[in-house]
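Residue numbers (my numbering): 87 to 299. Contents: one structure, followed by commentary.
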C-alpha cells in the first residue's frame, strides 16, 4: 500500500474520510486488483480476517460475520482500526501469493528503521501479555482454528487478510528470564504493505487475542 501516513495516521485520519474514498472507488476494479471477491448483485465483498469471514457491503461498509463463530469478538465488525485496514487494502492493496517463506519485521524493506516502535508496540506487548499465560494464548488460537506450529513454547499461524499470513511465536518467562515473542510475516507482505501497515497487523491481532481471552 502507499502509506501517506503521519506518525499515527490511522488515528489521525477520521474514519469518515476513509469512508468517502471507499464510497467513491470502483468495487469491480478493487476486486480485480486485490483478489477479494465482489458480488455485484448483493454489492458485497467477501473478506477474511484473522480466521473469520465477513460480507462487507459497498458503498456503505456494513459488516456481517458469516463464520461459524459469530458471537465472539470479530475484528472487522467490532474494531475501527480493522475496518480502516480493510478499506485501505481495498483502495490500495494488490493480490499476491506467498512463496512459503516467512520474514521477521527486520527483514522487510525499511523494517530495521522502524523496528524499535514495532518491538514496543507488538513484540513486547505480545510477550508480556501472554508470556506468563501460554495456555490462554493457546486456547484463543485453538478457538480461532489457527494452524499450530512447533516453534518456541507456543506458536500459531493465522491468515490475517485474504492470502496474507502471520506467525506468532512465544517463549515463556520464568524467574530468571522475561518472556519473549516473535512475529513473522508471509513473504508476499512486502509486495503490498509498508512497515507501518505491518505494525497495525500486529496491533489488530494482539487486540483480538486479548479480547477473545
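Quick reminder that beta carbons are idealized off the backbone N, C-alpha and C, glycines included. Every value quoted in this text rests on a predicted model; they were computed, and no experiment measured them.
_Residue from 125, 123, 220 and 154 whose Cα sits closest to the Cα of residue 254_ = By 1-based counting over the chain shown, the position of residue 254 is 168. Nearest neighbour of residue 254 by Cα position, chosen from 125, 123, 220 and 154, turns out to be 220.
*Can you name, in chain order, every residue of its own chain whose Cβ lies under 6 Å from the Cβ of residue 123, other than the five neighbours on each side?*
Residue 123 sits at position 37 when you count from the first residue of the chain shown. The residues are 132.
*Relative to the C-alpha of residue 125, which residue among 206, 134, 114 and 135 is closest?*
Here residue 125 refers to the residue found at position 39 of the chain shown. 114 is the residue among 206, 134, 114 and 135 whose C-alpha sits nearest the C-alpha of residue 125.
*Supposed contact pair residue 256 and residue 223 - C-beta distance, whole angstroms, cut 8 Å*: In the chain shown, counting from the first residue as 1, residue 223 sits at position 137. In the chain shown, counting from the first residue as 1, residue 256 sits at position 170. Right, their Cβ atoms sit about 6 Å apart.
*Close beta carbons around residue 143, own chain, < 7 Å, minus the five adjacent residues each side*: Position 57 of the chain shown holds residue 143. So the list reads 129 and 130, once near-sequence residues are dropped.
*What are the uninterrupted segments assigned as alpha helix (DSSP H) that are 4 or more residues long and contained completely in the stretch 110 to 160, given in chain order?*
Within the stretch 110 to 160, the runs of alpha helix (DSSP H) at least 4 residues long that lie entirely inside it are, in chain order, 113 to 120.
*If you follow the beta strand (DSSP E) that residue 251 is part of, which residue opens it and which one closes it?*
The residue labelled residue 251 in the question sits at position 165 within the chain shown. Annotation for residue 251: the continuous beta strand (DSSP E) segment containing it runs 250 to 257.
*Sub-9 Å separation of residue 288 and residue 209 beta-carbons*: The count along the chain shown starts at 1 and reaches residue 288 at position 202. The count along the chain shown starts at 1 and reaches residue 209 at position 123. The Cβ atoms of residue 288 and residue 209 sit closer than 9 Å to each other.
*Quick one: what does DSSP say residue 184 is sitting in, helix, strand or coil?*
Here residue 184 is taken as the residue at index 98 of the chain shown, counted from 1. Note: residue 184 maps to coil in three-state DSSP.
*Reducing DSSP to helix, strand and coil, say where residue 108 ends up.*
Against the chain shown, residue 108 aligns to sequence position 22. In this structure, residue 108 counts as helix in the three-state DSSP scheme.
*Along the alpha helix (DSSP H) that carries residue 300, what are the first and last residues, could you check?*
Residue 300 falls outside the range modelled here, since the chain spans only 87 to 299, and no answer is possible.
*Just tell me which of 189, 180 and 248 has its CA closest to the CA of residue 118.*
For the purposes of this step, residue 118 is taken as residue 32 along the chain shown, with counting starting at 1. When only C-alpha atoms are compared, the closest one is 180.
*Just the C-alpha distance for residue 175 and residue 120, rounded to the nearest angstrom, thanks.*
Within the chain shown, the letter at position 89 stands for residue 175. Within the chain shown, the letter at position 34 stands for residue 120. Cα to Cα, the separation comes out at about 8 Å.
*Which partner residues of residue 240 appear in the DSSP bridge assignment?*
On the chain shown, residue 240 is found 154 positions in, with the first residue counted as 1. Bridge partners of residue 240: 256.
_Residue from 166, 147 and 218 with nearest C-alpha to residue 261_ = The residue labelled residue 261 in the question sits at position 175 within the chain shown. Comparing Cα-Cα distances from residue 261 to each of 166, 147 and 218, the minimum goes to 218.
*How would you call residue 138, buried or exposed, if buried means at least 16 neighbouring beta carbons within 10 angstroms?*
Translated into the one-based positions of the chain shown, residue 138 becomes position 52. Buried is the call here.
*asked:* Tell me which residues share the same chain as residue 116 and place their Cβ nearer than 6 Å to its Cβ, disregarding the 5 neighbours each side in the sequence.
replied: One-based indexing of the chain shown puts residue 116 at position 30. In chain order, 176 place their CB closer than 6 Å to the CB of residue 116, counting only its own chain and leaving out the 5 sequence neighbours on each side.
*What residue range is occupied by the uninterrupted alpha helix (DSSP H) comprising residue 208?*
Here residue 208 refers to the residue found at position 122 when the chain shown is read from its first residue. Counted as a single uninterrupted DSSP element, the stretch harbouring residue 208 is not any alpha helix (DSSP H), since DSSP gives it neither H nor E.
*Within 10 angstroms of the Cβ of residue 192, are there 16 or more other Cβ atoms? Answer buried if so, exposed if not.*
Walking along the chain shown from the start, residue 192 turns up at place 106. Exposed, since its Cβ has fewer than 16 Cβ neighbours within 10 Å.
*Rounded to whole angstroms, what's the CA-CA distance from residue 184 to residue 249? Just pull it up for me.*
Taking the first residue of the chain shown as position 1, residue 184 is located at position 98. Taking the first residue of the chain shown as position 1, residue 249 is located at position 163. Cα to Cα, the separation comes out at about 8 Å.
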